[in-house]
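When we follow the numbering used here, the leftmost residue of the sequence shown carries the number 6, and every step to the right adds one. Note that CB positions come from ideal geometry on N, CA and C, so glycine has one too. Just so you know, these numbers come straight off a predicted model, no measurement behind them.
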Amino acid sequence: MNDFIQISKAQAAPPCTVVIFGASGDLARRKLIPALYNLHACGQEIAPRDYAVLGFARRAMAVEEFRESAREAAARFSRLELNHDRWREFSARLDYLAGLDQPDGFHKLKTRLEQLEAARGLPPNRIYYLSVPPEAVPECAERLAEAGLVARPGAANFTRLVVEKPIGTDLESALKIDGALRQYFDESQIFRIDHYLGKETVQNLMVLRFANSIFERMWGARNVDHVQITVAESEGVGTRAMYYDPAGALRDMVQNHMLQLLALIAMDPPVSLDADAIRDAKINVLRALRPLPPGGANALVVRARYGAGMVDGETARAYAQEQGIPAASRTETFVALKAYIDNWRWSGVPFYLRTGKRMPARGSIICVQFKDVPRILFNRERKLPPNALTIRIQPDEGFSFEVLAKQPGLDIAIRPVRMNLRYESEFSGPSPDAYERLLLDVMIGDHTLFVSSTFVEKSWEFVQSILDQWSANPEIPLYEYAAGSYGPEAAERLIAQDGRVWLNP
Ligand SMILES: NC(=O)c1ccc[n+]([C@@H]2O[C@H](COP(=O)([O-])OP(=O)(O)OC[C@H]3O[C@@H](n4cnc5c(N)ncnc54)[C@H](OP(=O)(O)O)[C@@H]3O)[C@@H](O)[C@H]2O)c1
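1) Just the Cα atoms here: how many angstroms apart are G329 and I417?
2) Rounded to whole angstroms, how far is the Cβ of L105 from the Cβ of E441, which I believe are closer than 8 Å?
3) Using 9 Å as the threshold, is the C-beta distance between K362 and L499 below it?
4) Is the separation between the beta-carbon of S83 and that of R34 shorter than 9 Å?
5) Could you name the residues of the same chain whose beta carbon sits closer than 7 Å to that of N162, not counting the 5 residues immediately before and after it, in chain order?
6) What do you reckon, is the C-beta of D106 under 8 Å from a heavy atom of ligand 1?
7) Just the Cα atoms here: how many angstroms apart are V24 and L102?
8) Hey, would you say P391 sits closer than 9 Å to D230, going by beta carbons?
9) What beta strand (DSSP E) runs, 3 residues minimum, are completely inside the stretch 64-147?
10) On the three-state DSSP scale, how would you describe K204?
11) Could you pull the start and end residues of the alpha helix (DSSP H) that Y428 belongs to?
12) Quick one: Cα of P299 to Cα of A477, how far?
13) Output the boundary residues of the beta strand (DSSP E) element that contains F190.
14) To which residues does DSSP link E485 through a beta bridge?
15) For the beta strand (DSSP E) containing R227, list its first residue and its last residue.
16) Counting pairs of beta carbons, one from the stretch 171-181 and one from the stretch 464-484, are three or more of them closer than 8 Å?
17) Using the C-alpha atoms, what's the distance from R385 back to L202?
18) For A226, which residues in the same chain have their Cβ closer than 7 Å to its Cβ, ignoring the five residues on either side in sequence?
19) Could you tell me how far apart the beta carbons of E205 and S436 are, in whole angstroms, since I believe they sit closer than 8 Å?
20) May I ask you to check if the CB of S369 is nearer than 8 Å to at least one heavy atom of ligand 1?
21) Alpha carbon to alpha carbon, what distance is there between Y428 and Q399?
22) Does ligand 1 have even one heavy atom less than 8 Å from the beta-carbon of P139?
23) Let me make sure I understand the geometry here. Which of N425, R420 and G414 has the alpha-carbon closest to that of I396?
24) Indicate, with yes or no, if ligand 1 has a heavy atom lying under 8 Å from the CB of Y249.
25) With DSSP as the reference, label M6 as helix, strand or coil.
26) Would you kindly report the start and end of the unbroken beta strand (DSSP E) that includes T395?
27) Beta carbon of F446, beta carbon of F432: below 9 Å?
28) Which term fits H262, buried or exposed, when burial requires 16 or more other beta carbons within 10 angstroms of its beta carbon?
29) Is H200 near ligand 1, going by C-beta to nearest heavy atom under 8 Å?
Structure, rendered in structure tokens:
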């Protein structure tokens with residue numbers, strides 16, 4: 006069947022200028038420039054009719070040098086092969102300005118923007134993408150406002166601010182940073198990125214749930230036994246010790262990506278597809294998260310870090326031996342936890358969350374396990390495995406639904422079979438990268454896939470309650486697991502004591 010329903014949002018991307026703060030950095034090179042090029046190359050119908058990209062950073066660089074380094078980055082990291090003509094058109098839109106750290110840098114930025122807009126006939130619709138270290142973010146917001154570079158919300162031409170994770174290192178600092186941003190920008194002008202939300206499968210979660218009546222009617226405590234979310238990385242800390250060690254898995258993965266996935270899988274149907282309605286529905290999940298009881302960081306949460314082991318057939322050293330890790334480090338590279346959502350839909354249903362580095366393979370899955378078959382008919386011996394819906398976020402995006410079927414033959418032999426959808430084989434053409442979608446949404450002004458201020462606050466409140474118990478009770482174990490395993494024994498016990506097992510990606 007070829008019929009499909011298209012809800013297009015392409016029509017409205019208006020002409021604008023994207024200013025990349027920190028344009029010489031890693032994120033700009035690996036993600037932002039390739040994403041902007043792909044938007045340009047893959048369809049005039051979706052990219053804005055006209056736009057410019059202005060790189061803004063500290064180091065001096067000629068415009069031609071910036072274009073050349075952008076070309077190298079796009080050639081290396083773009084999902085589309087570089088096309089000579091498309092690149093030439095795109096490259097002509099690239100400009101560069103140094104002086105991000107200079108006293109008059111933001112006034113120079115204003116002048117350059119005005120010149121650029123006049124030369125290209127662009128309206129002053131401006132997107133400031135802050136791809137700079139987190140500590141530089143509040144100052145950039147302040148200096149933009151001081152330089153008169155922030156339009157009023159609702160003005161004829163828009164100003165939008167894009168902020169990357171992490172927002173804060175704890176609840177207090179997150180509130181402080183968010184407060185600083187909101188001193189100069191209205192919430193409607195702020196786009197907080199969690200790139201997980203730009204992934205195809207994450208968005209498909211909503212389609213799966215709300216466009217198929219079969220699932221939504223089953224979605225809740227009456228039919229679901231439990232839900233598991235696993236985000237596994239096979240990589241270790243690599244060269245990112247300076248960033249990772251002060252953070253750890255709880256801050257780096259749970260506070261943002263995993264709680265976003267939890268909210269999407271558990272939210273009630275939003276009243277509409279409006280960004281506000283969807284964000285409200287997600288926040289209600291966090292509001293209903295059961296607060297961590299005293300002792301909960303020990304009983305309901307497991308933390309661990311990887312020891313030496315084997316990953317992908319190669320020896321991997323222990324976290325403590327990685328380059329740049331301080332000898333006294335007690336940072337966790339693994340967290341498993343059990344949470345409850347105390348609302349009518351999910352009352353009594355456990356949600357198990359697990360994330361770690363140096364696991365056997367990279368993979369993010371959500372598994373919704375349905376209740377056992379009653380102990381009658383085929384299940385008198387209580388051996389039938391329950392139905393399970395597994396959503397694969399990455400890699401091999403898709404989902405599978407496990408049901409039981411009779412194996413052909415004279416006996417009644419029952420075995421689980423998988424109804425499996427693989428995006429790659431079902432749909433032609435590669436999916437856009439998360440950053441392509443997110444950048445386009447900023448241009449359009451659609452907040453649906455961005456993190457709201459309240460979500461930042463509520464997610465940090467939950468994570469902070471764990472951090473507080475960890476720091477008040479240093480005797481709470483920091484377990485060790487072998488690199489190349491799915492975590493410590495203690496994580497297996499966390500779920501096994503409820504009579505369940507982890508499902509690995
Ligand atoms: N890289 C990733 O995959 C990734 C993923 C998720 C989130 N993020 C977030 O994205 C942001 C950028 O990350 P990145 O990896 O691109 O960082 P990066 O490679 O260190 O680049 C930082 C950029 O910001 C500029 N910069 C450095 N220190 C600055 C300061 N004190 N004040 C103003 N500008 C400064 C640098 O300019 P000069 O080189 O000209 O000095 C450089 O262009 C960070 O907030 C990071 O947490 C990155």
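In short:
1) 60 Å
2) Rounded, the Cβ-Cβ distance is 25 Å, inconsistent with contact.
3) no
4) no
5) P128, P129, N130 and A156
6) Using a cutoff of 8 Å, the CB of D106 counts as near ligand 1, since one of the ligand's heavy atoms is closer than that.
7) Looking at the two C-alpha atoms, the distance is approximately 10 Å.
8) yes
9) 99-103 and 131-135
10) coil
11) For Y428, the enclosing alpha helix (DSSP H) stretches over residues Y428 to E431.
12) 11 Å
13) Run containing F190: none; DSSP gives neither H nor E here.
14) R310
15) That residue, R227, is in no beta strand (DSSP E); it is neither H nor E in DSSP.
16) Pairwise C-beta distances place the stretch 171-181 in contact with the stretch 464-484, as three or more of them are shorter than 8 Å.
17) 43 Å
18) R350, W351, S352, G353 and V354
19) 4 Å
20) S369: no, Cβ never under 8 Å from ligand 1.
21) 11 Å
22) Yes - ligand 1 has a heavy atom lying nearer than 8 Å to the Cβ of P139.
23) N425
24) no
25) Low confidence applies to M6: its pLDDT is 44, below 50, so where it sits in the model is not reliable enough to give any reading.
26) First-last of the beta strand (DSSP E) with T395: A393 to Q399.
27) Checking the sequence, you will find Asp at residue 446 rather than Phe. No, these two residues do not count as a Cβ contact at 9 Å.
28) A buried status is given to H262, since no fewer than 16 other beta-carbon atoms sit within 10 Å of its beta-carbon.
29) yes
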